[in-house]
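Novice: Mind having a look at this structure? Questions to follow.
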Amino acid sequence: MSCLWTVLILISAAVWSPCVADVGDFDPCLHFFYESWPPKGLEGTPICQRYNNTYHFATLYSRPRRSPWFSGYLYTTPRGRRPKARWKY
């Protein structure tokens, strides 16, 4: 019975999760790279990752090694002043 609950929880998490990875379609994530050109010469699975329907990362993933070859991300500087609270101890 606990196995059934585990399966139901995993299915519900997959259905209602705001994080999605589009495997194979790299076009929406090309703007993360310089002049919209991802690195060439590496074989892998292109993954365009989005959260709440906004693309955040572009990744080339190596399935045999089970690790990413590279990831692309567009950094934007935060607005306003730095917080005074320390977040690392």
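The sequence shown runs 251 to 339 under this note's numbering. Idealized CB from N, CA, C, for every residue including glycine. In this text the structure is predicted, and so the values were computed from the model without any measurement.
#1: Does DSSP put Ile259 in a helix, in a strand, or in coil?
#2: What would DSSP say about Tyr311, mapped onto helix, strand or coil?
#3: When burial is assigned at 16 or more other CB atoms within 10 Å of the CB, is Phe320 buried or exposed?
#4: Restricting to Cα atoms, I'd like to know which of Pro318, Leu324, Tyr301 and Trp337 is closest to Glu285.
#5: Quick one, which of Arg300, Asn303, Asn302 and Arg313 has its alpha-carbon nearest Glu293's?
#6: Do you know whose CA, among His281, Thr327 and Ile297, lies nearest Tyr311's CA?
#7: For my contact list, Arg315 and His306 are in at a C-beta cut-off of 8 angstroms; report their separation, rounded to the angstrom.
#8: Relative to the C-alpha of Asn303, which candidate in Trp287, Thr309, Arg331 and Cys279 has its C-alpha closest?
Specialist: Reading from the atomic positions:
#1: At Ile259 the pLDDT is 49, less than 50, meaning the model places this residue with poor confidence; the figure from the coordinates comes in the next sentence. Looking at Ile259 - three-state DSSP - the assignment turns out to be helix.
#2: strand
#3: exposed
#4: Leu324
#5: Arg313
#6: Ile297
#7: About 23 angstroms separates the two Cβ atoms, so there is no contact after all.
#8: Cys279
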